[in-house]
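Below is one structure; the comments refer to it alone.
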Amino acid sequence: MTIWTVAAALLSHWQRRPLQLGAVVLGLALATALWSGVQAVNAEARASYARAAAALDQNELAHLVSPHGRSIPQAVFVRLRRAGWNVSPVLEGEYRFGTARLRVIGVEPLTMPAETQAVDRRNAGELLSFISPPGTLIVSPETAEKIRRQTDLALRVSDRMPDGAAFVDIGLAERLLRREGELTRIVIAENQRPGLEPLGTLAPALLVREPSAQSDLEHLTESFHLNLTAFGFLAFAVGLFIVYSTIGLAFEQRRPTFRTLRCLGVSLSALAVSLLAELFLFALVAGAAGVIIGYLIASLLLPGVAATLEGLYGASVTGTLSLRPEWWLSGFAIAVAGTLISSIQSLLRLMRMPVLAAAQPQTWGRSSQTGRRFQVLAAAALLGLSGALILWADGLRAGFGVLGCLLLGASLLLPAMLSGFLTFMQRLSSGALVTWFWADARQQLPGLSLALMALLLALAANVGVGTMVSSFRLTFIGWLDQRLAAELYVAARNEPEADRLRAWLATKVESVLPIVSVDAEIRGQPMQIFGVVDDPTYREHWPLIVVMPDVWDRVASGEGVLVNEQFWRRERLRIGDQLDLASDWKATVVGVYSDYGNPKGQVIAGINALTSRHPQVSRLRYGLRVQPDQIADLRSSLSDEFGLPPDNIVDQAALKEQSRRIFDRTFLVTGALNIFTLGVAALAVFSSLLMLSEMRLPQLAPVWAMGVTRRDLALLEILRTLVLWLATFAAALPLGLVLAWVLLAVVNVEAFGWRLPMHIFPYEWVRLGLVALAAAVVSVFIPLRRLAGLAPSELLKVFANER
Amino acid sequence: MVIALRNLCKSYETAEGRLDVLRGIDLDLGAGDSVALTGESGSGKSTLLHLVAGLDRPDAGEIMIGGRDISKLDDSGRAAYRRTEVGLVFQQFNLIPSLDVAANIAFHAKLAGRHDPTWENELAERLGVGTLLTRYPEQLSTGQQQRVAIGRTLAARPGLVLADEPTGNLDEANGDAVLDLMLSLAKGTGSTLLMVTHSQKLADRLDRQVHLRSGKIA
Amino acid sequence: MSVRSIAIAFAVMIITSLSGNQAPSQGFAGLGSAAEGFSVPQPGRPFHFPVDHGAHPDFRIEWWYLTANLEAPDGTQYGAQWTLFRSALAPGENKGWSSPQLWMGHAAVTTSEDHFVAERISRGGVGQAGVVAEPFSAWIDDWQMQGNAVPGADQLANLTLTATAEEFGYELRLSATGPLVPQGDNGYSVKSAKGQASYYYSQPFYAVTGSLSLPTRNVEVTGKAWLDREWSSQPLAEDQTGWEWFSLHLDTGEKLMGFRLRDEGEGFTSATWITADGRPNPLPAGALRIVPVRTAKVAGRQIPVSWNVQIPSRGFDVTTRPLNDQAWMSTSIPYWEGPIAFEGSVSGRGYLEMTGY
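Chains G, A and R are the protein sequences, given in the same order. Take the first sequence: its letters are residues 508 to 1310, numbered as in my numbering. Take the second sequence: its letters are residues 95 to 312, numbered as in my numbering. Take the third sequence: its letters are residues 1179 to 1535, numbered as in my numbering.
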């Protein structure tokens, strides 16, 4: 009963200040939304990987593999079974259904361990059509759409399948891949009978690959998700700034109410409980709103994330979001946690407040001298720590540690720096209004500093990530020009056609560059080995980073190979190192080339060195060097002469365009999150200004009374806000550049395996500045309209004696 | 500054309906006059003062200040009038918290274009705040703050000083001292002084008293 | 690995391959289905050994079915079963994974307290499971029935039988003390009044020595074993739902094979009386009468585990009792199979198989 009375008294505050209420709920909801949105995206992607891993790689089980990625004779599987081992064969490879390339995974459903079931063995019809000719492809709905018209084989759609892969019976896989009697790996089931002969004796040529806790995809994409999480957290923190400052204000403004209630005999604990209940209520309402907005954000982001993951890692993620109950719970939990974090200081202050504390609210947000000094010290410590991390730590987490310390340190430093700047400007000025302008800006700083810190974070993140992406793009486009040197790329449909094509082309073009590759496993990593002919195209264009003298001669002779940058960095290779490409193939690393957008390692060898060891390698694809004006002719005669479908003839420009599109799509998500974060920061500034405007009257009224028009006052208010925005923006630029450097030189190297040169894009800053300016004007607009439209009587109340 | 108020009327819309605060005020003040405006709470004294200060506009009537009707002025005209001709002292001192004492004292003078450091220093000395020039309002006692407020008003040498219970927040001794100072300084600058007070003792010290009752001069 | 799910699938698979769609309950394990494309047993075809010890891929189903009544030196009774089933999705054989042949192995050991069961399933064509006639070998994974006879001799005269599962295993050496015995009309075994039939011969005269490994102990055992070889494409009529099958070693040295196929009416019975020197006397349909004596709750169903078996024309009248009521084969196609003893006009031991419950 008492509690209700108390609660009613406390809650009446919000009724009178709906804007504050709105700020708390909106801030909390946005913080929750961005956080849980990003979490949902991550969870969805991880679920996809888990699905893919369970379906494709059977990662929870050990496998027998051939050390150099060679195929395993089927007889080995039979030998193991006949020795009592519970094992199951897998044959997989790439197969082209028309234009769609699928990863075809041939399995044997009768021996396949239950953990990895792709085929429901209890459904006999399903099983039967799976193993009986002509056979069935089990594919995801998306993949089914893609290949429906490209194959006569029966399709069975399964939601559990990742895109771009198909389960088939191992017999069908043999036929499709033309690898009769071959296996790529042997799955070892968990339960085995006792007393088995060791695998080492039965299959001495094979290696046991233990189940890994993480799938390859999870490992590869970890950096990306860490990245998203970091962004989500940044947005969450920015959102909490709003909540923190609003709750602080609401507590200060209710001090008289608290005092009155306590004088009337409400215990401190009852008061605290009421306030906690109030906060909890906010958290629930805002949490619910946040989860819903988060869901919308996530469904907005997911296609982009899926595109990114596809583009960067070849990881397939379903583009649709499923609502998971744990996600609701975590959304509420984070909302409650956020509320508590934001209000703990105010609650503690309340607990320490004596009954007869001053009933007048203290100047809100006024930070004490010691507080400010502590902030500066903490900032220095954090910045020092980030420097130390750059110098002495490595790893992706350390990279994000650097970012975290840097951002937090810089934002803690911001109020002191702004205060210094304003003091300096005030000193410079002499006119009464100008002096007042600067002094008053400084006066407002404590109340705005949290919002400005949030703004700094958002702007710096924008500058940093923008610089990173643009630098990457510039480098990538230049790299494409080098890499895609051939004017036309053509793919034959089968080997005889390829032979005819080669003969025909010999007289028609300047040079024919075969594109041949084999899958291999080098140093335990799945890789591709490409074979190249000795051609000026490579000598002149190939994007080499580090080289040995006569690099191309050495490659052509078969003595040396080139490795891509990510493999080079990951394995810490050096030029001149020996590399085991296969059991009977060693070569020297003679150069390193950049290979953006490829998650895997890659090796380039002389074509003879490759084909002598892999005589069966497919030679269907060719790059053609022709004069630019002959491209169109050649194209049409190719399709006339050979009847090649348009998809099999691609010109350089189209390929570049496609690559560029993939690239741009790849960073859409980052851009979207940037905008969201900036939006939340703008909202933080807006709500702070709104709150401040409520307490601005006593500060403005005397100036008005002394003869400054309301219009001028309003103009000064705009100017003041703009100056603070601009000062923050100016501070964000160097911070953003440092951020970009860390992203390019530390995080990218760890995450992707390549290091990029940094480019500066002042034009983008101008654009960001304009966006920020627009946000500033919007954020100041409403508070200002209130001021400009203020009736004199409102201002006069300030002078009223009966207060 | 000569002031002539003619048939001044002002009413406010309130929750209970229309409230006529001033109902036809006629009042004349000569240059250098000091007049106390007394009356019950709600009799309209503060409203009258605000109208004369150009902070608000009357519903009807004329406010002739130095020969022109300021009620006819627009917003910026009235702002200019306040800036250059009026000095205000309130019960709440309304110093600018972000400026130190010296800047507060100089503030209005600068706005009025009559910045005179010598005069401001002299004022500060005479008001007993000469040692506090670099302090900020929140670091001052109530009495000190009111002295600074008076200093700020007089530093601009306004032709008209309007004061609303200037000593209402001060204890009696402090109040007397502050009032003495204000009166003598106002006399010294030749300013006309209109002061709202409900203290008869204070009113007695001025040249003239005008008593308001229910929006009319009694 | 879920043995169960595979096995169920195996069973239903046979049905679907026969009927082209999923018509349920075409008799037990789909054995009562049409035989389109497959060869059908014909009367008067003599067996050709050793070729007929091997697989007959043109027929839909086939089995190598061995049961052994065993005894430890202390007199404790045991039973052991080793079965290899072949089931064809289509007639004929192809190399590699495209083989239409599927193989299924069942192994069991029965004690008076326990009944251990294991199952294996495999595709044909790659060598994971199969049968070679000479030198005889039948296997699935590491389970094996290996002939030890020299070429030219009867390939089934000496066998080594092994099976190992997670809980149990055995290794038995079998040597025949009598000849192979054709069942029915010189190996043409009629299964219904409508003429469904199979090729069927037995080797009921094995003397066994060997060892069982059980979770708690290893036991040396000796005893008798019985091998049934049968292949067909449509062994059951459509209305036949299951059977009781007896293989009995009489203490007199004689053997008796008898079965009853249940249908909606009286059922169809058939039996062969085998003299101690291995001469078969096929008995006319209806000569064998069986009546349940006691039922027990097994795997959630009531199953008659004790039977009165009579052949009045031979003055044969015995009552069987199982070594273990719960000899339930919890395989994909579940059935009851276990060692029994019998007393009455004559006593002895044998095996009982009951399906379709």
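Beta carbons: idealized from backbone N, C-alpha and C, even for Gly. Please read these numbers as outputs of a predicted model, since none were measured by experiment.
In the structure shown, Thr1245(R) adopts extended strand secondary structure according to DSSP, grouped into three states. Shown here for Trp835(G): same chain residues with a beta carbon closer than 7 Å to its own, the five before and five after excluded, namely Val798 in chain order. Here Gly739(G) is not near Thr539(G), since their CB atoms are 8 Å or more apart. In this structure, Leu660(G) and Gly642(G) form a Cβ contact; the two beta carbons are roughly 6 Å apart against a cut-off of 8 Å. Contact note: Ile157(A) does not reach chain G at a C-beta cutoff of 7 Å; the least C-beta distance is about 15 Å. Under DSSP, no beta-bridge partner is assigned to Tyr175(A). By the neighbour-count criterion, in which a residue is buried when 16 or more other Cβ atoms sit within 10 angstroms of its Cβ, Ala1505(R) is buried. In the DSSP annotation of this structure, the continuous segment of the alpha helix (DSSP H) that includes Trp943(G) starts and ends at Ala939 to Arg990. Contact between the stretch 183–192 of chain A and the stretch 210–218 of chain A is absent: fewer than three C-beta pairs spanning the two stretches fall below 8 Å. Non-local C-beta neighbours of Leu913(G) in its own chain, meaning closer than 6 Å and more than five positions away in sequence, comprise Ser893, ordered along the chain. For Ile199(A), the uninterrupted alpha helix (DSSP H) run begins and ends at Val195 to Ala206, by DSSP.
In chain order, His732, Leu735 and Thr736 place their CB closer than 7 Å to the CB of Asn549(G), counting only its own chain and leaving out the 5 sequence neighbours on each side.
Contact annotation for Ile677(G) against chain R: Trp1275 [CB-CB distance below 8 Å, chain order]. Our two residues, Leu1390(R) and Ala582(G), have alpha carbons roughly 30 Å apart in a direct line. What Asp1319(R) touches in chain G, judged by beta-carbon distance under 8 Å, is Arg588, Arg589 and Gly591, going in chain order. Counting every other CB atom within 10 Å of its CB across the protein chains shown gives Gly1362(R) a total of 16 or more, marking it as buried. Taking 8 Å as the cut-off, the Cβ atoms of Glu1271(R) and Pro1219(R) do not count as close. In this structure, Ser1315(R) sits away from Ala1335(R), with a CB-CB distance that is not shorter than 8 Å. Any Cβ of chain G closer than 8 Å to the Cβ of Val1287(R) would place that residue at the interface, and such an atom is absent.
Counting only runs of 3 or more residues that sit fully inside the stretch 1233–1303 of chain G, no beta strand (DSSP E) segment turns up. If you look at Ala257(A), you'll find it in the beta strand (DSSP E) that goes Leu254 to Asp258. At least one CB atom of chain G sits nearer than 8 Å to the CB of Arg1301(R). Burial state of Val1469(R) is exposed, judged by a 10 Å Cβ sphere holding fewer than 16 other Cβ atoms.
Where Thr1400(R) is concerned, the enclosing beta strand (DSSP E) starts and stops at Asn1396 to Ser1410. Among the residues facing chain G, Ala1343(R) is included, as its CB has a counterpart in that chain under 8 Å away. Per the Cβ contact rule, the stretch 234–243 of chain A is not in contact with the stretch 280–294 of chain A (fewer than 3 Cβ pairs under 8 Å). In this structure, the CA atom of Asn1459(R) is about 30 Å from the CA atom of Ile1481(R).
The stretch 1340–1351 of chain R and the stretch 611–621 of chain G do not touch, with fewer than 3 CB-CB distances between them shorter than 8 Å. Residues of chain R with a Cβ closer than 9 Å to the Cβ of Gln581(G) are, in chain order, Gly1274, Trp1275, Val1304 and Gly1305. Sequence-ordered contacts of the stretch 679–709 of chain G with chain R read Leu679, Ala680, Glu681, Arg682, Glu687, Gly688, Ala696, Glu697, Asn698, Gln699, Arg700, Pro701, Gly702 and Leu703 [C-beta pairs closer than 9 Å]. For Ser555(G), the secondary structure class from DSSP, reduced to helix, strand or coil, is helix. CA-CA distance, Ala1465(R) to Phe1437(R), rounds to 11 Å. With at least 16 other beta carbons inside 10 angstroms of its own, Gln1306(R) counts as buried.
With distances taken between CA atoms, Phe787(G) lies nearest to Ile851(G) out of Ile851(G), Leu768(G) and Arg762(G). Of all alpha-carbon atoms in Ser1064(G), Ser1018(G) and Val675(G), the one lying nearest the alpha-carbon of Thr1044(G) is that of Ser1018(G). Around the C-beta of Asp120(A), fewer than 16 other C-beta atoms lie within 10 Å, and the residue is accordingly described as exposed.
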